[in-house]
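Undergrad:
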Amino acid sequence: MPPPQNLQSAELDDDTIEYSNTLKYLRAYLPPDLATPKLAIICGSGLGGLVNTIEQPKLTRTSKVEFSYSEIPGFVRSTVEGHAGKLVFGLLGVTKVPVVCMVGRFHVYEGHTREQVTFPIKIFKLLGVEVLIVTGAVGSLNSKFKVGDVVILWDHISIPGISGNNPLIGPNQSYFGTRFPSMADAYDFELRRIAFRAAASLNFEKGMIKEGTYCWVAGPSYETRAEARFLNFIGGDVVGMSTVPEVVVARYCGIRVLGLSIVTNMVLTRKPRSADPEKDEPEGIEVHPSHQEVLEASNASATMMQSLVKTVVEMI
């Protein structure tokens with residue numbers, strides 16, 4: 492049975508009261524044609540420009556389509572550069588699909604709890620969202636990928652999740668989902684097929700669309716060389732500090748998921764230069780990752796990602 496659109500008073504506890512308060516706040520300002528979006532989009536580092544493609548219907552004096560996270564009950568603040576920290580409702584594409592867009596996300600490395608990071612996903616479910624598109628920047632562990640490639644996620648490895656930090660730990664909220672949800676096919680096949688069709692219709696450069704497995708690490712420090720080799724060895728193609736908690740909770744809630752990641756840097760996997768004078772290894776020219784590099788690469792690919800997401804939405 493799907494979770495109710497409105498929580499009943501008999502079901503309210505300390506957590507669900509917060510969900511109810513958030514819903515009441517948003518619905519008090521949203522015009523009727525935006526109050527029940529069927530699709531949600533999460534914009535990662537440097538990808539917030541997607542919101543500029545969202546159309547806003549004519550509003551009344553009391554309606555609103557853009558909310559700062561700081562004013563929404565239950566939402567925490569996004570503190571990362573490149574994350575604007577606002578929730579935007581509107582219509583996307585020629586088909587005028589009602590959508591809700593997170594411009595910036597929450598991360599556990601900011602000090603937020605698992606529940607705070609994934610709180611918006613449960614709000615999306617209660618609003619009526621059926622499809623979630625998650626975007627973000629990633630480093631590549633796969634030598635066949637290059638900076639600027641778009642990776643359609645087909646699986647993930649949750650390093651924090653399998654070591655005791657799964658976002659579903661805690662009392663089960665049965666109106667959202669089952670205690671033990673399957674993650675075997677977390678990334679919807681039909682949505683991935685649509686993403687390939689959308690890229691083809693936009694005449695993307697051949698070979699720049701890849702499929703791969705996302706490794707979630709907690710951050711905020713980037714991976715050591717040994718860690719990067721390990722992640723690649725166990726099957727990871729790309730690595731990042733977000734996405735997976737949102738995907739896990741979305742699937743728990745019965746929301747279909749499409750994951751799209753932009754490769755912004757190549758992760759250093761070569762062993763460090765030996766200090767042994769007898770080996771006399773030459774010093775290599777390598778670029779260490781930085782958040783500024785990630786933002787610059789994301790911004791360079793932003794228009795492409797915006798076009799892809801918009802076309803995907805029109806095809807769903």
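Offset between the sequence shown (1-based) and my numbering: plus 491. For each residue, glycine too, the CB sits at the ideal point set by N, CA and C.
If contacts are defined as beta-carbon pairs under 8 Å, then Glu-805 and Gly-584 qualify, I think. What distance do you get, rounded to the angstrom?
TA: Their Cβ separation, rounded to whole angstroms, is 4 Å, which keeps Glu-805 and Gly-584 in contact under 8 Å.
Undergrad: Which first and last residues belong to the alpha helix (DSSP H) in which Ile-685 is found?
TA: Run containing Ile-685: 680–692, per the alpha helix (DSSP H) assignment.
Undergrad: Whose C-alpha, out of Tyr-600, Tyr-560 and Gly-726, is nearest the C-alpha of Pro-651?
TA: Nearest of Tyr-600, Tyr-560 and Gly-726 to Pro-651, Cα basis: Tyr-600.
Undergrad: Taking C-beta to C-beta, are Ile-524 and Val-642 nearer than 9 Å?
TA: It should be pointed out that residue 524 corresponds to Asp in this sequence rather than to Ile. The answer is no: Cβ separation not under 9 Å.
Undergrad: Does the Cβ of Ala-709 have 16 or more other Cβ atoms within 10 Å, making it buried, or fewer, making it exposed?
TA: Looking at its Cβ environment, which holds fewer than 16 other Cβ atoms inside 10 Å, Ala-709 is exposed.
Undergrad: Which whole-angstrom value describes the C-beta separation of Pro-711 and Arg-605, a residue pair presumed to lie in contact below a C-beta threshold of 8 Å?
TA: Rounded, the Cβ-Cβ distance is 16 Å, inconsistent with contact.
Undergrad: At 3 residues or longer, and completely inside the region 507–579: list those beta strand (DSSP E) runs for me, N to C.
TA: List check, beta strand (DSSP E) in window: 530–534 and 557–559.
Undergrad: Residue range of the beta strand (DSSP E) that Ala-628 falls in?
TA: From DSSP, the beta strand (DSSP E) with Ala-628 extends over 622–631.
Undergrad: Assuming Leu-582 contacts Val-800 under a Cβ cut-off of 8 Å, what Cβ separation, rounded to an integer in Å, is found between them?
TA: With a Cβ gap of about 14 Å, Leu-582 and Val-800 do not count as contacting.
Undergrad: Buried or exposed, going by whether 16 or more other CB atoms sit within 10 Å of the CB of Lys-635?
TA: By the neighbour-count rule (16 or more Cβ atoms within 10 Å), Lys-635 is not buried but exposed.
Undergrad: Whose C-beta lies closer than 6 Å to the C-beta of Ile-614 among residues of the same chain, with five residues either side of it excluded?
TA: Hits under 6 Å: Thr-513.
Undergrad: Do Gly-750 and Val-625 come within 9 Å of each other at the CB atom, strictly closer than that value?
TA: In this structure, Gly-750 lies closer than 9 Å to Val-625 by Cβ.
Undergrad: Just mark Asn-637 as buried or exposed, buried being the case when its beta carbon has 16 or more other beta carbons within 10 Å.
TA: Looking at the sequence shown, residue 637 is not Asn but Lys. Lys-637 is exposed by the Cβ-count criterion.
Undergrad: Three-state secondary structure (DSSP) at Thr-609?
TA: The answer is helix: DSSP assigns Thr-609 an H, G or I state.
Undergrad: Compare the Cα-Cα distances from Tyr-713 to each of Gln-797, Gly-731, Ile-700 and Asp-646 and report the closest residue.
TA: Measuring from the Cα of Tyr-713, the nearest candidate turns out to be Gly-731.
Undergrad: Could you have a look at Tyr-713 and say whether DSSP puts it in helix, strand or coil?
TA: Reduced to three states, the DSSP call for Tyr-713 is coil.
Undergrad: Are the Cβ atoms of Thr-755 and Ala-677 separated by less than 9 Å?
TA: Their beta carbons are not under 9 Å apart, which means Thr-755 does not touch Ala-677 by this criterion.
Undergrad: State the start and end residues of the unbroken alpha helix (DSSP H) segment that holds Pro-736.
TA: 735–743 is the extent of the alpha helix (DSSP H) around Pro-736.
Undergrad: Once DSSP output is grouped into helix, strand and coil, what is the label at Val-708?
TA: In this structure, Val-708 counts as coil in the three-state DSSP scheme.
Undergrad: Taking its Cβ as the centre, do 16 or more other Cβ atoms sit within 10 Å of Leu-693, making it buried, or is it exposed?
TA: It is exposed - the Cβ of Leu-693 has fewer than 16 other Cβ atoms within 10 Å.
Undergrad: So, Ala-719 versus Val-758, is the Cβ gap smaller than 9 Å?
TA: Yes, these two residues count as a Cβ contact at 9 Å.
Undergrad: For Asp-646, collect the residues of the same chain with a Cβ closer than 6 Å to its Cβ; drop the 5 residues on either side in sequence, then sort them by chain order.
TA: Excluding sequence neighbours, Asp-646 sits near Thr-704.
Undergrad: Pro-658: buried (16+ other C-beta within 10 angstroms of its C-beta) or exposed?
TA: Buried is the call here.
Undergrad: Contact check, Tyr-743 vs Phe-667 under 8 Å by CB: the rounded distance?
TA: Going by Cβ atoms, the distance from Tyr-743 to Phe-667 rounds to 6 Å, so yes, they are a contact pair.
Undergrad: Please name the residue in Pro-528, Tyr-560, Thr-669 and Gly-535 whose C-alpha comes closest to that of Phe-580.
TA: Considering only alpha carbons, the answer is Pro-528.
Undergrad: Would DSSP call Lys-762 helix, strand or coil?
TA: Three-state DSSP puts Lys-762 in coil, outside helix and strand.
Undergrad: Compute the distance between the beta-carbons of Val-594 and Gly-539, then report whether it is under 9 Å.
TA: Yes. Within cutoff.
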